[in-house]
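Straight run, no breaks: the sequence shown in the numbering used here ends on number 301. Beta carbons: idealized from backbone N, C-alpha and C, even for Gly. Keep in mind that this is a model prediction, so the values were computed, not measured. Have a look at the structure below before the remarks.
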Amino acid sequence: DAVDGFCEGIAFSPEQMARVFDAAKAAGLPVKLHADQLSNLHGAELAARYGALSADHLEYTDDAGAAAMAKAGTVATILPGAYYFIRETKKPPIGLFRQHGVKMAVATDNNPGTSPLTSLLLTMNMAATLFGLTVDECLAGVTREAARALGLLGETGTLEAG
Numbered sequence: 140d141a142v143d144g145f146c147e148g149i150a151f152s153p154e155q156m157a158r159v160f161d162a163a164k165a166a167g168l169p170v171k172l173h174a175d176q177l178s179n180l181h182g183a184e185l186a187a188r189y190g191a192l193s194a195d196h197l198e199y200t201d202d203a204g205a206a207a208m209a210k211a212g213t214v215a216t217i218l219p220g221a222y223y224f225i226r227e228t229k230k231p232p233i234g235l236f237r238q239h240g241v242k243m244a245v246a247t248d249n250n251p252g253t254s255p256l257t258s259l260l261l262t263m264n265m266a267a268t269l270f271g272l273t274v275d276e277c278l279a280g281v282t283r284e285a286a287r288a289l290g291l292l293g294e295t296g297t298l299e300a301g
């Protein structure tokens with residue numbers, strides 16, 4: 140379980156999300172953030188400042204945001220379905236995430252409004268064809284890094300000998 144918010148001009152401001160995250164941290168709950176999807180409100184940096192498990196979307200994240208996420212260990216959750224269905228034209232900065240060593244999860248963001256996508260295989264294909272993720276990045280993105288983004292890597296997400 141985690142507290143998940145949406146920081147964007149059409150949603151909560153960075154200041155509002157900080158208040159929510161302060162309360163979540165006081166209650167001992169991890170946080171996650173949908174950020175920088177439509178503009179750069181520095182949501183990636185906000186997520187990193189609070190040690191978020193993940194920050195999602197991230198189309199408008201800049202170098203400082205990617206660097207902050209890497210330092211904090213915040214996973215970048217890539218959501219090609221939302222990108223496609225809202226007809227976004229700015230791609231997430233995959234090169235910056237690679238450069239800074241940000242772990243990348245891949246997910247559907249399934250919802251009826253902006254990503255009515257249920258197929259994880261199609262999502263992997265979209266991440267590869269639209270954003271240039273490698274096959275290895277796609278496989279890790281829906282297994283190990285997805286588990287990391289959920290705070291479950293110690294329990295699931297990898298195949299282990301034994």
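Cβ separation of residue i and residue j, assumed to be a contact under 8 Å, to the nearest whole Å
i    : j    : result
A244 : V214 : 5 Å
P219 : A279 : Not confirmed; about 16 Å, so no contact.
L345 : G148 : Outside the modelled stretch of the chain, which goes from 140 to 301, sits residue 345, for which no answer is possible.
A209 : V241 : 5 Å
Check whether residue i and residue j have beta carbons under 8 Å apart
i    : j    : result
I217 : P231 : yes
T257 : F224 : no
D202 : L235 : yes
A163 : V142 : yes
Sequence-distant residues of the same chain with beta carbon closer than 8 Å to residue i, five excluded per side
i    : result
Q238 : A205
P153 : C146, L180, H181, G182 and L185
Buried versus exposed call for residue i [16 or more other C-beta atoms within 10 Å across all chains shown]
i    : result
L289 : buried
T228 : exposed
L180 : buried
A174 : buried
V274 : exposed
A191 : buried
R226 : exposed
L168 : exposed
E198 : buried
R287 : buried
L298 : exposed
Same chain, Cβ closer than 6 Å to residue i, neighbours up to 5 away in sequence not counted
i    : result
T282 : G296
T200 : D175, A183 and P232
A285 : A244
L269 : P219
Beta-carbon proximity list for residue i, same chain, < 7 Å, skipping 5 on both sides
i    : result
T247 : G220, S254, L256, T257, L259 and T262
Continuous beta strand (DSSP E) assignments of at least 3 residues falling wholly in the segment 233-258: 243-245
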